[in-house]
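Worksheet for the structure shown next.
Residue numbers (the working numbering): 334 to 1509.
Right, here's the structure in full:
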């Protein structure tokens, strides 16, 4: 997720960090004050009332309904400890959950309804129904229903098992026990019986049964720690608070009553707005005061709360949606070919019915006594007419009968085969050790099974920067304080010697993470009485105080030494707090009302009077502290663009200019900068802020905008303290990955919220930008200036495109476009979009800086709506969700430091950006080629069988009689030929992993759709036509005039076509495994056994037929001639193409086979020049 310190993270998206957050052990308390003085200001002396910071996130809008202003009429009213009154007017949802889709009564109709959403299933249902009519009965009635029934049964059993597991899980969940206050005593009640308004107690390590507002906790300050892994995947502990007005109440000893007026249920797990009326007080509630269902209570003995959302209305259940459902482009293209096959099917049926009509006309006088059409029945003495419906109806019936006989032209088994192949491919991707992230012990995740093959056709990759290209593990590097640049770094030493002793020296506290310190800055920080020392003092005090970090103690093997672990949602904040500790400003305690900082060995307590969290409009955060010297100060930190607008330029102008220069220098090195400011508030200013804050924080309607206004009123005329610089290192393998992707013809676009200089620096270090690349930079702040820049850039790009190529003749000047978010504000959703698309499509690299989340989605939409090229978006955080979801083809989430919001919204998830190379270039290539071949092969094997039936019909007076038995026709696509295609679709590899990674250009085959296109389809159909002619006419002519009956000949055709299509498949297999051998040769053997078994059943037609023909030599000769005659032309064409029609894949396969170094070097020369491909 893109971030620029904690503030820049939120510049791009509505982040909602908790006020305090932790991940282990316990908070450091300041009870042991030892030899260190703990000074505290008494605000009663000032006549001021300490104020707790309001619920964070309330001022941040843009994340679903929690941040929409709501009216009192839309609020939910919850009467504390009075569920009857709460549910009196409106019966709120109970706490019972149901994730199962079906019941015993609804399973059959609903499951069938869902399955018949596939048009092909309706087609086969109609065919089966038609075959039940006496006039149209061609196959046995049971045999005609079996293929569809088998497919429906397999799917229904799978769905039933999955739903059974869901019901079983629901039953276990609903039967869990919770402590509920009943008659002034806590009693165990099943989860499903909990009602909104009831008071619940949760103990340590227990799971929350519903969404509840905290009333009190075991901690005297009202703090509770929760783990939200089950909710959003984050393992870090988060801090929640009970209001002091309810914290001191003992619900068992004194009756508590009150009214909570809150928003209606919604899916936003990061927001909550409510007011609490208790004991005549009106209290504001926010996200820090509610714990959601599914969270676990940690490091807290117990909490007590009131249920506000239960059952299906809890945020966890409202977010309980499965993996996204998408259709691959290959499947969409396949539908076009299925339409062609349907037209071809209708054409065959029309030919048969027309010829049948002509035949009836020519033989109309013979129908009375002709054996098949005998119209007269003389068996009873009296002349009777059989059911003959006349010439017109007979032709119509023959048409429908033809549809029934030729039905497998549309391959019903293809759908199940594709699903099984995708499951197998997903398993191989998940088990690939090249995509295993050791740091997080996580494997590749496949959350959407139906778009595996799309990974082989990607043309555009849209990537976040922070946490995606970089590690998102921040390291403090340097700072500019008071206009002085402390960035020498050469004499930096680690802060291992820095420690804090408690009273009596019994314990030693050290920061868990070591930070390199600048000796000069360290010495300056100790000179408190100099001007420079005071600047440094206030700077590091701001870093230690202006955050939401929680300090925790971690035990070490040495009982005397304990480590301080700073836990927080933002890696930027953690780095800054560790840096402050390294320079002697160690945060040692945080509660909801105060913090304790050890300043150069002296512990000082600061009362937290107010806290304004970051929001995407202000792009900064601030904290108001009551200092030990009784002064009230507001410390502010934020992005330079937002901070310089609130800095008082009338003071320290030289310091301000120097700081701006230093920030520019830091950014050019790829460092992330943050500006820090401070202002002292007078008593009157604080009182004015306090009253405004209380009004804003208790407003149910318009709270967000009111709090933002209050923050802006106090964050002005700041004195600048300095700027920090943090390094976010690139992930290992990112430069090589980007280089491989670009070599493969994939355009990589980076969309980041960082400063332009920082983004450009990262661009060079990641090999996204190169020194030979011509850069076009667009930084404008008006519509007209953007228009002018785009026109000029298009002219430049055209000149470069028309310029003569390099010496080699195959090189061209590469273009890189760098554009900022301000320019995109005027370009996106305006008439300039088309010009931006034209320019961007001519560029090899696009780097967007200072972009917001919706702008990221807008950039993806720009390409998606104007080109057929396939897009992929990859990111790691909540602000990348809109971009990931906008990429309608493939979205990939990185399991990084910023939680799992991106993973939860993605189609695939992995641990590092570099895994994109094996995913696309290897698995994407394999999956695309496998699936493409499997689809074409399924069309071929079904069409060749239908054409054999068609040729036979032409020689049986168009009567739709078949020599092949009903059961062989049914089993052909279900059993005889289905397993080999699935095995090959999962395992076959046209090229090795080594070759695909060594020559990324090979990926272009998927982009050019070389394995599946209209030309290949029609060539396959022509080959199918020839093979059907060979397979039919070889036995037909060989046994012409013999006494062999039709059933025996039908068995020969069945065996011949099964052997032929399996050897056809074997000819195309590149990598042989034991499973491949077993599937192909095993299918042939299984077909022989099935034909023999069918002919041994006396109640079926063709009894003992196979034994009449198999004992003759001509049978085996025909079987051999069918295979040779049908496949010899294909073999010849294949040899000719491979030797005289070279393409990249064939060259690489030859290089693999011969292992010739000279051939390998030649391969690189003969590869397609990806970047010379015409723009679409």
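We treat Cβ as the ideally placed atom computed from N, Cα and C, and that holds for glycine.
Using the Cα positions of residue 1352 and residue 1266, report the straight-line distance between them to the nearest angstrom. 13 Å
Buried versus exposed call for residue 494 [16 or more other C-beta atoms within 10 Å across all chains shown]: exposed
Who does residue 519 pair with in a DSSP beta bridge? 514
To test your reading of the DSSP string, which unbroken alpha helix (DSSP H) runs of 4 or more residues are found completely within the segment 957–1025? 973–976 and 986–1001
From the DSSP output, in three-state form, read off residue 561 for me. coil
Between the C-alpha atoms of residue 1194 and residue 1100, what's the straight-line distance to the nearest angstrom? 26 Å
If you check the beta carbons only, do residue 558 and residue 570 fall under 7 Å apart? It is a contact, given that the beta carbons lie within the stated cut-off.
Would residue 1086 be called buried (16 or more neighbouring beta carbons within 10 Å of its own) or exposed? buried
Does the beta-carbon of residue 1148, which I'm using as the reference point, lie nearer than 6 Å to any heavy atom of the ligand NAD? This structure lacks the ligand NAD, and indeed carries no ligand of any kind.
Can you name the start and end residues of the beta strand (DSSP E) that residue 589 belongs to? It is not in any beta strand (DSSP E) - residue 589 carries neither H nor E in the DSSP assignment.
Let me check one thing: in DSSP terms, what residues is residue 639 bridge-paired to? 532 and 546
Would residue 323 pass as a contact of residue 884 if the rule is Cβ separation under 7 Å? Lying outside 334 to 1509, the shown extent of the chain, residue 323 is not represented and no answer is given.
For residue 790, name the three-state secondary structure that DSSP assigns. coil
Do residue 1296 and residue 1382 have their C-beta atoms closer together than 7 Å? Taking 7 Å as the cut-off, the Cβ atoms of residue 1296 and residue 1382 count as close.
Given a cut-off of 7 Å, decide if residue 1270 and residue 1391 are closer than it, judged by their beta-carbon atoms. no
Based on DSSP bridge pairs, tell me the residues matched to residue 1082. Note: residue 1082 sits in a beta bridge opposite 795 and 1179.
So residue 1255 packs on residue 1326, CB below 8 Å; how close in whole Å? 5 Å
Could you check if residue 536 is buried or exposed, using at least 16 other CB atoms within 10 Å of its CB as the buried criterion? exposed
Straight-line Cα distance separating residue 751 from residue 387: Since pLDDT at residue 387 reaches only 30, below the 50 mark, its modelled position is unreliable, and no value is offered.
Would you kindly work out how many angstroms separate the C-alpha atoms of residue 976 and residue 810, rounded to a whole number? 21 Å
With three or more C-beta pairs closer than 8 Å as the rule, is the segment 417–425 touching the segment 527–534? yes
Does residue 1025 have its Cβ less than 7 Å from a Cβ in chain D? No chain D is part of this structure, which consists of one protein chain only.
How about the segment 1372–1387 and the segment 1440–1456: do they share at least three Cβ pairs that are nearer than 8 Å? yes
Please report the residue range of the alpha helix (DSSP H) in which residue 688 lies. 662–695
Determine which residues share a DSSP beta bridge with residue 1203 and list them. 791
Just reading off the alpha helix (DSSP H) that residue 1246 is part of, what are its end residues? Note, residue 1246: premise wrong, no alpha helix (DSSP H); not H, not E.
Counting along the chain, where does the beta strand (DSSP E) carrying residue 734 start and finish? Where residue 734 is concerned, there is no enclosing beta strand (DSSP E), although the alpha helix (DSSP H) it sits in stretches over 723–738.
Please report the distance separating the alpha-carbon of residue 464 from that of residue 1286. 18 Å
Across the segment 1154–1170 and the segment 1062–1082, are there enough close Cβ pairs to call them in contact, namely three or more that are closer than 8 Å? no
Between the Cα of residue 944 and the Cα atoms of 451, 954 and 987, which residue gives the shortest distance? 954
To the nearest angstrom, report how far apart residue 503 and residue 621 are at their CA atoms. 29 Å
Excluding the five sequence neighbours on either side, which residues of its own chain have a C-beta within less than 6 Å of the C-beta of residue 1080, listed in chain order? 793
Is it buried or exposed, residue 455, if we count other Cβ atoms within 10 angstroms and call 16 or more buried? Burial state of residue 455 is exposed, judged by a 10 Å Cβ sphere holding fewer than 16 other Cβ atoms.
Bridge partners for residue 819 per DSSP, in chain order? 812
Indicate whether residue 681 and residue 1283 have their beta-carbon atoms separated by less than 7 Å. Between residue 681 and residue 1283, the C-beta gap is smaller than 7 Å, which places the two residues in contact.
Between which two residues does the alpha helix (DSSP H) containing residue 1514 stretch? Outside the displayed range of the chain (334 to 1509) lies residue 1514, so it cannot be described from this structure.
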